[in-house]
Every structure is written in C-alpha cells, then in structure tokens.
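Number of protein chains: 2
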Amino acid sequence: MADAGWPGCARSLKGVILDMCGVLYDSGEGDGVAISGSIEAVKKLKASDLQLRFCTNETQAARETFVAKLRRLGFDISVSEVFSPAPAAVAVLKDRGLRPHLLVYDGLLPEFDSVDKTNPNCVVIGDAAEKFSYQNLNEAFRVLMEKPVLFSLGQGKYYKETDGLKLDVGVYMKALEYACDLKAEVIGKPSPPFFQSVLNDMGLQPHEVLMIGDDLVNDVGGAQRCGMKGVQVRTGKYRSSDERHPTVTADGTVDDLAQAVDVILEQRH
Amino acid sequence: MADAGWPGCARSLKGVILDMCGVLYDSGEGDGVAISGSIEAVKKLKASDLQLRFCTNETQAARETFVAKLRRLGFDISVSEVFSPAPAAVAVLKDRGLRPHLLVYDGLLPEFDSVDKTNPNCVVIGDAAEKFSYQNLNEAFRVLMEKPVLFSLGQGKYYKETDGLKLDVGVYMKALEYACDLKAEVIGKPSPPFFQSVLNDMGLQPHEVLMIGDDLVNDVGGAQRCGMKGVQVRTGKYRSSDERHPTVTADGTVDDLAQAVDVILEQRH
Numbered sequence: 003m004a005d006a007g008w009p010g011c012a013r014s015l016k017g018v019i020l021d022m023c024g025v026l027y028d029s030g031e032g033d034g035v036a037i038s039g040s041i042e043a044v045k046k047l048k049a050s051d052l053q054l055r056f057c058t059n060e061t062q063a064a065r066e067t068f069v070a071k072l073r074r075l076g077f078d079i080s081v082s083e084v085f086s087p088a089p090a091a092v093a094v095l096k097d098r099g100l101r102p103h104l105l106v107y108d109g110l111l112p113e114f115d116s117v118d119k120t121n122p123n124c125v126v127i128g129d130a131a132e133k134f135s136y137q138n139l140n141e142a143f144r145v146l147m148e149k150p151v152l153f154s155l156g157q158g159k160y161y162k163e164t165d166g167l168k169l170d171v172g173v174y175m176k177a178l179e180y181a182c183d184l185k186a187e188v189i190g191k192p193s194p195p196f197f198q199s200v201l202n203d204m205g206l207q208p209h210e211v212l213m214i215g216d217d218l219v220n221d222v223g224g225a226q227r228c229g230m231k232g233v234q235v236r237t238g239k240y241r242s243s244d245e246r247h248p249t250v251t252a253d254g255t256v257d258d259l260a261q262a263v264d265v266i267l268e269q270r271h
Numbered sequence: 003m004a005d006a007g008w009p010g011c012a013r014s015l016k017g018v019i020l021d022m023c024g025v026l027y028d029s030g031e032g033d034g035v036a037i038s039g040s041i042e043a044v045k046k047l048k049a050s051d052l053q054l055r056f057c058t059n060e061t062q063a064a065r066e067t068f069v070a071k072l073r074r075l076g077f078d079i080s081v082s083e084v085f086s087p088a089p090a091a092v093a094v095l096k097d098r099g100l101r102p103h104l105l106v107y108d109g110l111l112p113e114f115d116s117v118d119k120t121n122p123n124c125v126v127i128g129d130a131a132e133k134f135s136y137q138n139l140n141e142a143f144r145v146l147m148e149k150p151v152l153f154s155l156g157q158g159k160y161y162k163e164t165d166g167l168k169l170d171v172g173v174y175m176k177a178l179e180y181a182c183d184l185k186a187e188v189i190g191k192p193s194p195p196f197f198q199s200v201l202n203d204m205g206l207q208p209h210e211v212l213m214i215g216d217d218l219v220n221d222v223g224g225a226q227r228c229g230m231k232g233v234q235v236r237t238g239k240y241r242s243s244d245e246r247h248p249t250v251t252a253d254g255t256v257d258d259l260a261q262a263v264d265v266i267l268e269q270r271h
C-alpha cells in the first residue's frame, strides 16, 4: 500500500476523510447547493467497510448549525463525524489560559461561549467575510500590537460561492502578520495536529487513510504531509492551474466526489 | 560629508525632504492637527539656503486638496513641492498602456481622471481606509485572478490618526499578493524610483540630501537605500521599538521636526 499510487491505493484503505465545501456542496445564498452526485457518494461510503470522517475549515457557523444545513441539503452526516477548527481552537485557548478577541462570523460565536473573552490577550480570526471591515480589522490589529498572539482558523486563500470566488481567512491572516511583524498559529487544515486529531478519532494510521478535497494546498498537500494520500476533485475552488502547481501534486485528480467514490469502491471489489 | 554621521552631516547638506503625516501633522477628523513646532520649522527651512521638498505616501486625497488642507493648518507649502504616489502611478499606467481597476479613497479619484479605466487589466490600490470592505477587496481580487498585475501606492503597515493606529495600504497589498500568488509593484516610498524623482527635481545627488520621517522602514530605510541620510522623528507612528529595529538604523533620532531643524541649522552656522 505504502507505494501504491491512485487508484491502486484504494484497495488497502481503511478510512476516507472528506472536505465539505466544494466537495459536498457549493456555499452561497441560503444553504447553498449540493454538488451533483455527492449525496449518493456519501451514502455509498457509509454503506462500505471504510471509516468516514468530515474535515472542514468552515468557520462561518457552529458545527450544530452547519451540520443541520448539510442534512437539509440531503446529506447523512452527524456532528460527531465533523472536525472543524473552532472546537480545536477552544481547546488550545483553555490549555494556554488565553482570552481571545474574536474576529469571526456571528454564526461561529456560540462555539466560544465557554471561553473567557474579557481583557483579551490574543486574537482569533475565522472566515469573517463581511465582518472583515476596515474598522474590525483595525480593532484586531490594535489588540495584536499590544498582545502579539494570533490564531487563524485555517489559512485558505479563497473559496467559491455560487456567485463567485471569495477571499478566505488566510488572506487576512497574512495582512495582520505583515502589519504586526508576527507569525500566526494556524488551527485547522493544513495544520498537522488538526489532521492527526481526525486520525486519532478513527484509530487509523496515516497510510491507511485518503483525503479528498477541492483545495490542493490545504486538503491534498496538508494530508500528504501527514502521510496520507490526497485526491483533488475538479469542483469547488479547483482551477486547472492546480494540476501544474509548483510544490503540491495530488495523488489523483477526479471530476467530482461521485467519481472518486466509484473508483475507490471499484478497486475494492 | 559621505562619512559624516548625524548631526555633523548637516554641515554639507544641500537639500531636505520631509515626510508629511506624522512629521508635520497628525491626521484624523477634519484636517487633523499640526504637530507642535512643525509650522515654524518649515518656515525656518524655507528661510535657509537648503532646498526643501515634501514626499508623502498620502493617497486619500488628490494633491490639490491635500495641500489646501496643510495650508489651512498653517503650513507654507505649494503643490509643486509635494511628491505623492498617484501622479507617479498615472505616468506608469499610461507608459504601459494599462487600464486600472481602482481600489482607492474617493478623494484620490480625481488624480486618475485622465486614465482609461474601461475593461481593467490591472489593479491599483491606495490607502482606501473604510473602502477596504470585504466586498471591494473581493472585486479587486477577482480582477487580479484574471489579470495578475497589482500596483500598490506605498507599502506602509499602519499610520497614526488622532484616534489611534490605522492599517495602511501595505497590509492589503500583502493580502492580495497572498490571495493571488503575485508580487505587487510598489509606487511611492520606499521605492527607489520615487525618491529619485524628488532628487531629480532638486537637481541634487543623494549624499547631499537628508530625509526626515516618522516611518523607519519607508522613510528612513528607503532614503538610506538611495544613498541619502535618514533621520526619524519621535512623532506620528514612531514606536520606541523602532530604535532596536533588526534591519534599519536611522542616522539620527530626534524628538520632532522642530528639534531636527534646530539641530540642522545650528550645525550650519
């Protein structure tokens, strides 16, 4: 298995991790729209002998709300199967006794209910979208000039919504890093501890698991650096230039999740 | 002179270049406020045998409007003495046949009146302040994903207004550079061609000229890289950590412009 490429590696897999936005659905107005064939593909994986987890850098909604949206779209997913950066950040903050100034989307705030936010001594940014106003960014900047500890929930450059590409949290992370001469700590993909927490939950070794995502650097490259295989789908934020990327080469590239799952299950029969 | 440090170097100076915001005045509501002693200091320089120019990365207003504000504050300054990035950018755009998508403050738009802005094939960003909304940044980003040519009017990290530190254009330049995997062309300080255009106008060699600014990297470091001396004032965005900066060391540090001018003129008597 260790040397088998895609799709041969599928024969010895024990688990699959799926990115969500751009793989299962495209976000946008309302709940967004399911990507053709994805609902059925998740069903097929669940009916197989493979373990399945979902790993997202989604930080616009608390997991409960987010999973409810996916269920409305028709996906069979439960909260315990979903790994996202906010709960991981809460654990880090509590562990280190840090009190965050939050620059996150309103929908994410409930994830931080249990965290002391008085007299902040660090900043946490998520995909705040419209909340990334000049004024809000200045407020975060001023906290950082006094307390230079920045956590970024992901480092994505952009994602695709139904009405076009949108800037992601990583862009604002870079902005604040430059403004304050500091280096952010990334919580979420492609941070190795984040992927490792999913592997731990599955009880599997990296070489037994395949990551499927639309983000070449954060999904595919991140998983590969942890020892997993990584396959990119040509949906979501995929761009044809990804297939000529200077540093990351996917183990395989498929049209969409439906094709990926069909290929995997075919290899195993 | 070439080896003389501050303040001895003042004896052989032939010209002085002054940064404006943070040296002459602090910006903020309305016209901002003149920094104590600066109006008199400019008068003293003008009465001396030194040539005097003003060099600013100000991009919130057209030069005419900006100079009118300084005159209202009490400064004896005329438009022809002031060098700012927007006119330099217009020259570059025309020279290269580029049509900009502008993400600049409304007050700067008149500087670009003569430029064709239809069907943009590049992006120009200035200190857009509140106009750096998520929506406007997404629009600039989408142009850049098709036409990856970005001009940034300065690369400052932040500046000081009367109500606190504010993020400057450089922070958004870094954001778009990261989002689009490109390198911006900086027009304004600390870009050497920009300083050189001021020296050309004075008809002086770099070693004959001293730059005085509050921005250690962009004013002092930029001038030094062109062969000028650079002195930092402890007003504006100055922070005590500037005096322990890892890569830029000012030739001198003074409390304010008034003190700098007194020291210069004293050396020359």
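Listed in order, the protein sequences are those of chains X and A.
So the first sequence is numbered by the numbering used here: it starts at 3 and just counts up by one.
So the second sequence is numbered by the numbering used here: it starts at 3 and just counts up by one.
Where a beta carbon is used, it is the ideal one built from N, C-alpha and C, also for glycine.
Keep in mind that this is a model prediction, so the values were computed, not measured.
Give the straight-line distance between the Cα atoms of PRO208/X and GLY238/A, rounded to the nearest whole angstrom.
The residue given as residue 208/X occupies position 206 in the first sequence. The residue given as residue 238/A occupies position 236 in the second sequence. When rounded, the distance between both Cα atoms is 53 Å.
Sequence-distant residues of the same chain with beta carbon closer than 8 Å to ASP28/A, five excluded per side:
Taking the first residue of the second sequence as position 1, residue 28/A is located at position 26. Here the set comprises GLY34, VAL35, ILE37, LYS162, GLU163, THR164, THR237, GLY238.
Can you list, in chain order, the stretches of the beta strand (DSSP E) that have 3 or more residues and sit fully within the segment 140–217 of chain A?
Within the segment 140–217 of chain A, the complete beta strand (DSSP E) runs of at least 3 residues are 152–155, 160–163, 166–169, 187–189, 211–215.
Between LYS168/X and chain A, is any beta-carbon pair separated by less than 8 Å?
What you label residue 168/X is simply residue 166 of the first sequence in a count that begins at 1. For LYS168/X, the answer is yes, since a Cβ of chain A falls inside 8 Å of its Cβ.
What's the C-alpha gap between MET147/X and VAL125/X?
Along the first sequence, one-based indexing puts residue 147/X at 145. Along the first sequence, one-based indexing puts residue 125/X at 123. Spanning the two alpha carbons is a distance of roughly 11 Å.
Applying the criterion that 16 or more other CB atoms from any shown protein chain within 10 Å of the CB defines a buried residue, is ARG65/X buried or exposed?
Within the first sequence, residue 65/X is the residue found at index 63, counting from 1. By the neighbour-count rule (16 or more Cβ atoms within 10 Å), ARG65/X is buried.
C-alpha distance - GLY232/A paired with GLY215/A, whole-angstrom precision
Working through the second sequence from its first residue, we reach residue 232/A at position 230. Working through the second sequence from its first residue, we reach residue 215/A at position 213. Straight-line Cα distance between these residues: approximately 8 Å.
7 Å CB neighbourhood of GLY254/A in its chain, flanking five on each side removed:
Residue numbering aside, residue 254/A sits at position 252 when the second sequence is read from its first letter. So the qualifying residues of the chain are TRP8, PRO9, VAL233.
Under the rule that 16 or more other beta-carbon atoms within 10 Å means buried, what is ARG73/X, buried or exposed?
Residue 73/X sits at position 71 when you count from the first residue of the first sequence. Exposed, because fewer than 16 other Cβ atoms sit within 10 Å of the Cβ of ARG73/X.
Consult DSSP for ASP21/X and reduce its assignment to one of helix, strand or coil.
Position 19 of the first sequence holds residue 21/X. Three-state DSSP puts ASP21/X in coil, outside helix and strand.
For LYS231/X, the three-state DSSP class (helix, strand or coil):
The residue given as residue 231/X occupies position 229 in the first sequence. DSSP places LYS231/X in strand when its eight states are reduced to three.
Report buried or exposed for ARG55/A, applying the criterion of at least 16 other Cβ atoms within 10 angstroms of its Cβ.
Residue numbering aside, residue 55/A sits at position 53 when the second sequence is read from its first letter. Answer is buried; the Cβ neighbour count reaches 16.
Could you check how far apart the C-beta atoms of LYS191/A and ASN220/A are, in whole angstroms? I think they sit under 8 Å.
One-based indexing of the second sequence puts residue 191/A at position 189. One-based indexing of the second sequence puts residue 220/A at position 218. Going by Cβ atoms, the distance from LYS191/A to ASN220/A rounds to 5 Å, so yes, they are a contact pair.
Report yes if the CB atom of ARG270/X is closer than 8 Å to the CB atom of ARG101/X, and no otherwise.
The residue you call residue 270/X lines up with position 268 of the first sequence. The residue you call residue 101/X lines up with position 99 of the first sequence. No, Cβ-Cβ distance for ARG270/X and ARG101/X is not below 8 Å.
Sub-8 Å separation of GLY109/X and ALA49/X beta-carbons:
Your numbering for residue 109/X matches position 107 in the first sequence. Your numbering for residue 49/X matches position 47 in the first sequence. No, Cβ-Cβ distance for GLY109/X and ALA49/X is not below 8 Å.
From the DSSP output, in three-state form, read off ASP33/A for me.
As a position in the second sequence, residue 33/A is number 31, starting the count at 1. Looking at ASP33/A - three-state DSSP - the assignment turns out to be coil, as it is neither helix nor strand.
Between which residues of its own chain and GLU31/X is the CB-CB distance below 7 Å, once the five residues before and five after are set aside?
In the first sequence, the residue the question calls residue 31/X occupies position 29. Correct list, in chain order: THR164.
Contact set between GLY172/A and chain X, taken where Cβ atoms lie within less than 7 Å:
Position 170 of the second sequence, counting from 1, holds the residue named residue 172/A. Under the 7 Å cutoff, chain X gives TYR180.
Leaving out five residues on either side along the sequence, give the residues of the same chain with a beta carbon under 8 Å from the beta carbon of LEU206/A.
Within the second sequence, residue 206/A is the residue found at index 204, counting from 1. The residues are LYS16, GLY17, GLN53.
Determine, using beta carbons only, whether SER29/X comes closer than 8 Å to chain A.
Locating residue 29/X in the first sequence gives position 27, where the first residue counts as 1. No, no contact with chain A.
Looking at LEU259/A: is its Cβ nearer than 8 Å to the Cβ of VAL235/A?
As a working mapping, residue 259/A is identified with position 257 in the second sequence. As a working mapping, residue 235/A is identified with position 233 in the second sequence. Taking 8 Å as the Cβ cut-off, LEU259/A and VAL235/A qualify as a contacting pair.
Backbone CA spacing between VAL263/X and MET213/X [nearest angstrom]
On the first sequence, position 261 is the one that residue 263/X refers to. On the first sequence, position 211 is the one that residue 213/X refers to. Approximately 12 Å between the Cα atoms of the pair.
Anticipated Cβ contact below 8 Å, ILE127/X with SER86/X, distance rounded
Translated into positions along the first sequence, residue 127/X becomes position 125. Translated into positions along the first sequence, residue 86/X becomes position 84. 15 Å between Cβ atoms; not a contact.
Nonlocal neighbours in the same chain, by C-beta distance under 7 Å from GLU268/X, ignoring five residues either side
If you number the first sequence from 1, residue 268/X lands on position 266. If we look at GLU268/X and ignore the five residues flanking it on each side, it has no Cβ neighbours.
Let me see if you follow: with CB-CB separation under 8 Å, is PHE143/A close to chain X or not?
Residue mapping note: residue 143/A aligns to position 141 of the second sequence, counting from 1. So, interface residue.
What span of residues does the beta strand (DSSP E) with THR255/A cover, start to end?
The residue labelled residue 255/A in the question sits at position 253 within the second sequence. First-last of the beta strand (DSSP E) with THR255/A: 254–256.
Whole-number beta carbon distance between GLY166/X and VAL188/X, since they are thought to touch under 8 Å:
Here residue 188/X is taken as the residue at index 186 of the first sequence, counted from 1. Here residue 166/X is taken as the residue at index 164 of the first sequence, counted from 1. The Cβ separation is near 25 Å, so there is no contact.
Other residues of its chain near ASP21/A: CB distance less than 6 Å, five sequence neighbours each side excluded:
Taking the second sequence and counting its residues from 1, one reaches residue 21/A at position 19. For ASP21/A, where only same-chain residues beyond five positions count, the Cβ hits under 6 Å are GLY215, ASP221.
What three-state label does DSSP hand GLN53/A in the structure shown?
As a first step, residue 53/A must be located in the second sequence, where it is residue number 51. Per DSSP, reduced to three states, the secondary structure at GLN53/A is strand.
Of the choices LYS159/A, PHE196/A, VAL25/A, ASP78/A, whose alpha-carbon is the least far from that of ALA131/A?
Counted from its first residue, the second sequence places residue 131/A at position 129. Of the listed residues, the one whose Cα sits closest to ALA131/A is LYS159/A.
Through-space distance from LEU218/A to THR276/A, alpha-carbon basis
A question about residue 276/A goes unanswered here, because the residues of chain A that appear run from 3 up to 271.
What separation, rounded to the nearest whole angstrom, lies between the Cα atoms of ASP118/A and LYS96/A?
As a first step, residue 118/A must be located in the second sequence, where it is residue number 116. As a first step, residue 96/A must be located in the second sequence, where it is residue number 94. Roughly 9 Å separates the two Cα atoms.
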